[in-house]
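Its first residue numbered 13, the sequence shown is counted upward by one per residue in this note's numbering.
Glycine included, each C-beta is placed from N, C-alpha and C at the ideal position.
All figures in this text were calculated on a predicted structure; none of them were measured in a lab.
In what follows, a single structure is set out as structure tokens and then discussed.
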Amino acid sequence: MIRKILKWTGITVLSLILILAIVVASRQNLQFNAPYPAITASTDSAVIAHGKEIAYGPAHCADCHYAGNADSVFKLGQEPALSGGRVFELPLGNFYVRNITSDPVVGIGRYTDGEIARVLRYGVRPNGTAVIDFMPFHNMSDEDLTAVISFLRTSKPVRNPVPDHSVTMLGRVINAFMIKPVGPTGEVPKSIPRDSTAVYGKYLANSVANCVGCHTNRDMMTGAFIGEPFAGGLKFEEPGIPTLVSPNINPNTPGRIYGWSQQDFINRFKMGKTIPYSHMPWNSFKRMSDNDLKAIYNFLKTLPAATTKK
Ligand code: HEC
Ligand code: HEC
13 MIRKILKWTG
23 ITVLSLILIL
33 AIVVASRQNL
43 QFNAPYPAIT
53 ASTDSAVIAH
63 GKEIAYGPAH
73 CADCHYAGNA
83 DSVFKLGQEP
93 ALSGGRVFEL
103 PLGNFYVRNI
113 TSDPVVGIGR
123 YTDGEIARVL
133 RYGVRPNGTA
143 VIDFMPFHNM
153 SDEDLTAVIS
163 FLRTSKPVRN
173 PVPDHSVTML
183 GRVINAFMIK
193 PVGPTGEVPK
203 SIPRDSTAVY
213 GKYLANSVAN
223 CVGCHTNRDM
233 MTGAFIGEPF
243 AGGLKFEEPG
253 IPTLVSPNIN
263 PNTPGRIYGW
273 SQQDFINRFK
283 MGKTIPYSHM
293 PWNSFKRMSD
303 NDLKAIYNFL
313 KTLPAATTKK
């Protein structure tokens, strides 16, 4: 009797695992619908120059889309090619950052402007599947997105093929049931005046440079924000290097930049990276204009005082 029950329980459990495996396998290439933004690359040299400034400055594309040490290339006064290949090793799998040079075989030369714009704004890959939400540019203005894509189109093609992501079993289960594309939080602006006001600073800090994403505490499993905005507390734990915690950058609270003048803030950015293993893309940010840095400072000054004091 007991043996029979055990046998049937075993068969049921095995069948359930099998069904789950089949469902998981069948849900690996889920297709998502998202509009193709009406973005067309421009050949205007001023637009291209602005795109390059964003890509190698506040948006720090090179800090992920370059497999070598971007810092050392920047230090030589050069720009790392955005040829991909860097790998993020996560419990969900190994994710290889893509080649986004203009190469027509392995880079973005394969894609239409709409496909590139859609992956950045709506998190849907050219093949219709959802990206893991690494890139926080969902609310980037039409003008800036146009500039970035215009610049990518003119970048020197690099024929560097990048391996496909290799997803673990856990990653496959999460991919099957939980990964959804992330899109904009509201209506995306057409353009934002590039002055030194808090309005522009808020846009840079939230939608381009991602200060908010690293300087706000988050739930490590879901990525959801759980701390006060810009009050720090996010832990950067990585094997082989000391753990860093992002500091509180609310200037109205006794945190890291309490008492810093606008000029102190600019000067700190011009110094670049001082902690070699810091995750902050200092050497991209170092290239930001004084105007952009003033705008970010002016925005941070408008934050209500946080209760976190570190
Ligand atoms: C924090 C790291 C990070 C930053 C910063 C970043 N990317 Fe990415 N990017 C990735 C990863 C990881 C992928 C692969 C995502 C996936 O397939 O799930 C990717 C994929 C892409 C793709 C899709 C390419 C393809 O073949 O599917 C484009 C286009 C892209 N990035 C453009 C950019 C641009 C332009 C910038 C700067 C404005 C940028 N990225 C900044 C990490 C980053
Ligand atoms: C990828 C994550 C990341 C991003 C994006 C990021 N930071 Fe940081 N930031 C850190 C970490 C980690 C530290 C602590 C290590 C260090 O000082 O380099 C830090 C330190 C700082 C410091 C303290 C520097 C000092 O010398 O005490 C300031 C100020 C700062 N960040 C401001 C900013 C601003 C403004 C932005 C957006 C323009 C930004 N950060 C974007 C991770 C990040």
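C-alpha of D302 to C-alpha of T209: approximately 12 Å in a straight line. DSSP places S84 in the helix class (H, G or I) of the three-state scheme. Non-local C-beta neighbours of N111 in its own chain, meaning closer than 6 Å and more than five positions away in sequence, comprise S95, G96, V118, G119, N172 and V174, ordered along the chain. In this chain, the alpha helix (DSSP H) harbouring K19 covers I14 to S38. Contact between G105 and S178 holds: their C-beta atoms lie close to 5 Å from each other, under 8 Å. Looking from the CA of A129, the closest CA among F146, G267 and D154 belongs to D154. Fewer than three Cβ pairs drawn from the region 279-289 and the region 179-195 lie within less than 8 Å of each other, which leaves the two stretches out of contact. Taking a contact to require three or more Cβ pairs closer than 8 Å, the region 304-312 and the region 254-270 qualify as touching. With distances taken between CA atoms, Y212 lies nearest to P70 out of M13, P70 and H77. Around the beta-carbon of P92, 16 or more other beta-carbon atoms lie within 10 Å, marking it buried.
If you check the C-beta of L256 against ligand 2, you find a heavy atom less than 7 Å away. Listed in chain order, the non-local C-beta contacts of Y123 below 6 Å within the same chain comprise P138, local neighbours out to five positions each way being set aside.
DSSP, reduced to helix, strand and coil, places K306 within a helical segment of the structure shown. Bounds of the beta strand (DSSP E) holding F107 are G105 to Y108.
Judged by DSSP in its simplified three-state form, R230 adopts strand. Apart from the 5 residues on each side of it in sequence, A46 sits with its Cβ closer than 7 Å to the Cβ of R130, Y134, V136, P193 and G195 in its chain, given in chain order. Judged by DSSP in its simplified three-state form, L132 adopts helix.
Cβ contact annotation for A317 (same chain, cutoff 8 Å, sequence separation greater than five): N262, N264 and T265, in chain order. Under the three-pair Cβ rule at 8 Å, the region 218-228 counts as touching the region 237-246.
K247 carries a strand assignment under DSSP once its states are collapsed to helix, strand and coil. Relative to ligand 2, the beta carbon of R230 is positioned no closer than 7 Å to any heavy atom.
Rounded to whole angstroms, the separation of the alpha carbons of L88 and P201 is 36 Å. Annotated three-state conformation of L102 is strand, per DSSP. The Cβ atoms of I66 and A159 sit closer than 8 Å to each other. Taking E249 as the centre and dropping the five residues before and after it, the same chain places the C-beta of T255 closer than 8 Å to its C-beta, in chain order.
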